[in-house]
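To keep things clear, I will list the structure first and then write my remarks on it.
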Amino acid sequence: MVSRSLHIAFRVDASETIGAGHGMRCVTLALGLKQRLKQLGMKADFHFVSTKSAQLLVSLYRQNGFLHSVVDTVDSSVDHIKADVWIVDHYQLDRVFEQTLTNRNLKVMVIDDLANRMHDCHLLLDTNFLENYKNRYNELVNESCRLLLGPSYALLREEFYALSQVQCKALRQILICFGGSDPHNMTMFALNALRLLDDNCIEANVVINDNHKARNEISEQIQRINSKTIHKVQLHINSRNMSHLMQTATLMIGAGGSMHWERCVIGLPAIIISVADNQRETSQYLADKNVCDYIGHFDEVGIEQLAGRMADLLRLPHRLSKMSNSAKTIIPLDKGTPKVCDEIISTFQLTSTR
Numbered sequence: 001m002v003s004r005s006l007h008i009a010f011r012v013d014a015s016e017t018i019g020a021g022h023g024m025r026c027v028t029l030a031l032g033l034k035q036r037l038k039q040l041g042m043k044a045d046f047h048f049v050s051t052k053s054a055q056l057l058v059s060l061y062r063q064n065g066f067l068h069s070v071v072d073t074v075d076s077s078v079d080h081i082k083a084d085v086w087i088v089d090h091y092q093l094d095r096v097f098e099q100t101l102t103n104r105n106l107k108v109m110v111i112d113d114l115a116n117r118m119h120d121c122h123l124l125l126d127t128n129f130l131e132n133y134k135n136r137y138n139e140l141v142n143e144s145c146r147l148l149l150g151p152s153y154a155l156l157r158e159e160f161y162a163l164s165q166v167q168c169k170a171l172r173q174i175l176i177c178f179g180g181s182d183p184h185n186m187t188m189f190a191l192n193a194l195r196l197l198d199d200n201c202i203e204a205n206v207v208i209n210d211n212h213k214a215r216n217e218i219s220e221q222i223q224r225i226n227s228k229t230i231h232k233v234q235l236h237i238n239s240r241n242m243s244h245l246m247q248t249a250t251l252m253i254g255a256g257g258s259m260h261w262e263r264c265v266i267g268l269p270a271i272i273i274s275v276a277d278n279q280r281e282t283s284q285y286l287a288d289k290n291v292c293d294y295i296g297h298f299d300e301v302g303i304e305q306l307a308g309r310m311a312d313l314l315r316l317p318h319r320l321s322k323m324s325n326s327a328k329t330i331i332p333l334d335k336g337t338p339k340v341c342d343e344i345i346s347t348f349q350l351t352s353t354r
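With UniProt numbering, the residue at position 309 of the sequence shown is 309, and numbering never jumps.
In structure tokens, the structure reads:
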């Protein structure tokens, strides 16, 4: 007997304002679920649903063979979309929206970071690493909700785990990446800081999305750096080898968010500038554990400050080594994405829907 195909829907937005992180981690989860269900002899269709103003990753969804639909507003009804499981990753949605799904006896999982609103769901995932991370949702979820909390459940692509035990660090090679949208153009900020360093040659890889609002200006700045300084900078647009770029770097300059966990599993030291308020607390907590060097929020940090911190760390390989070792203790070797997939399959009893 041929089993019917499961239908799994994601309610997630990604835009220049919101950022790409929500959509990227949902894609990682969808790919992981697809692989795990295939191993169990099951098929699944994946459907991404977003608002008209949040189309940043639509091409990525479709490249991976996922369906995509548009709704008018954040809290628009999704009754017209048939799904066995809904995975909701949106800061503006709470139990009011979730109850429109659970009241129809649908299976609901929530991905959150903020712990600032009530939820009604079967599963909730929050990978934040804070002093009280195990207790943040005690009063915010229904009694039957299963909680998946902490970085051991981090949604990482397979290649990051494959490279986690490989050591191939180039001396004085840095990686600059501020995520898929970079609304504050911190990429240019970091390049301006790099120009202030003139004592030794630095090789830098810079990663941006193809629709970065300052793509041309960034490209021109890189050309100026390559022609007028001793540094060598290469621009990567829509990089498909991010894990390799991280694995070969000595130091990364970037934002907080889900990239924390990618850096940790590889053991990549980093200078962090938060670009959203919800990145501040986790970034500071990780800095206190010597996992990264958090120098502040984007509107509080100066170019000279970043340049000075880059110069200091690159002159202290023993500090970078300690930071790398500390980072590797954060993510367990048992893989987060497969763990989350197995929890979804078990909690929702997906194998019984054949």
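Cβ atoms here follow ideal geometry from the backbone N, Cα and C, with glycine treated the same way.
* Looking at C-beta atoms only, is the number of pairs between the stretch 115-124 and the stretch 287-301 that lie closer than 8 Å three or more? -> Contact annotation: the stretch 115-124 does not touch the stretch 287-301, with fewer than three C-beta pairs closer than 8 Å.
Should the stretch 7-21 be regarded as contacting the stretch 235-253, the criterion being three or more beta carbon pairs within less than 8 Å? no
> Taking the alpha carbon of ALA30 as the point to measure from, which residue in LYS52, LEU155, VAL74, VAL108 has its own alpha carbon closest?
Replying inline: LEU155
Going by DSSP, what residue range makes up the beta strand (DSSP E) through CYS177?
Start and end: 173-177.
The beta strand (DSSP E) spanning GLU98 covers which residue range?
Per DSSP, GLU98 is not a residue of any beta strand (DSSP E); the alpha helix (DSSP H) it occupies stretches across 95-102.
Since ALA44 sits in a beta bridge, which residues does DSSP pair it with?
-> Partner(s): LEU6.
Could you compute how far the alpha carbon of ILE225 sits from the alpha carbon of HIS231?
7 Å
GLY180: first and last residue of the uninterrupted alpha helix (DSSP H) it sits in | Note, GLY180: premise wrong, no alpha helix (DSSP H); not H, not E.
Legend entry - Uninterrupted beta strand (DSSP E) stretches inside the stretch 95-165 (no shorter than 3 residues): Runs of the beta strand (DSSP E) inside the stretch 95-165: 107-111, 123-126, 146-149.
ARG215 versus ILE81: straight-line alpha-carbon distance, rounded: The straight-line gap from Cα to Cα measures roughly 36 Å.
- From VAL110 to ILE87, what does the alpha carbon distance come to, in whole angstroms? 6 Å
ask   = Given 8 Å as the limit, is there contact between the stretch 142-150 and the stretch 250-264, that is, 3 or more CB pairs closer than that?
value = no
For this session: Along the alpha helix (DSSP H) that carries LEU245, what are the first and last residues, could you check?
Result: 242-248
Item to check | Top-ranked residue by Cα proximity to GLY65, from VAL71, ASP72, LEU57 | outcome: Nearest Cα to GLY65 within the set VAL71, ASP72, LEU57: LEU57.
| request: Return the first residue and the last residue of the alpha helix (DSSP H) that LEU235 is part of. | output: No alpha helix (DSSP H) holds LEU235; the beta strand (DSSP E) holding it covers 232-237.
Residue range of the unbroken beta strand (DSSP E) whose run includes ASP89
85-89
*Beta-carbon separation of ASP89 and VAL12 under 9 Å?*
yes
**Request:** Name, in chain order, the residues that DSSP records as bridge partners for GLN55.
**Result:** ALA14
Rounded C-beta distance between PHE178 and GLY254? I'm assuming under 8 Å. 6 Å
I need the DSSP call for LEU320, collapsed to helix, strand or coil. helix
- Message: Taking 9 Å as the threshold (C-beta atoms), are HIS260 and LEU286 in contact?
- Response: yes
Point to revise | Rounded Cβ spacing between LEU314 and ARG172 (contact assumed at less than 8 Å) | key: 6 Å
Cβ shell of ASP72 (< 8 Å), same chain only, five flanking positions each side left out: THR51, LYS52
Report task. With DSSP as the reference, please indicate the residues paired to VAL206 in a beta bridge. Result -> ILE176, LEU235
Q. What are the partner residues of ASP293, as DSSP defines its beta bridges?
A. ILE271
- Message: Looking at the strands, I want to know which residues DSSP matches up with SER50.
- Response: VAL70
>> Please state whether the Cβ-Cβ distance between VAL74 and LEU101 is less than 9 Å.
In response: no
Residues bridged to MET310 [DSSP beta-bridge criterion]: Beta-bridge partners assigned by DSSP to MET310: none are found.
Check your understanding: Between ARG309 and ILE272, which are expected to be in contact by the criterion C-beta below 8 Å, what is the C-beta distance as a whole number of angstroms?
Key -> Approximately 10 Å separates the beta-carbon atoms of ARG309 and ILE272; this is outside 8 Å, ruling out the contact.
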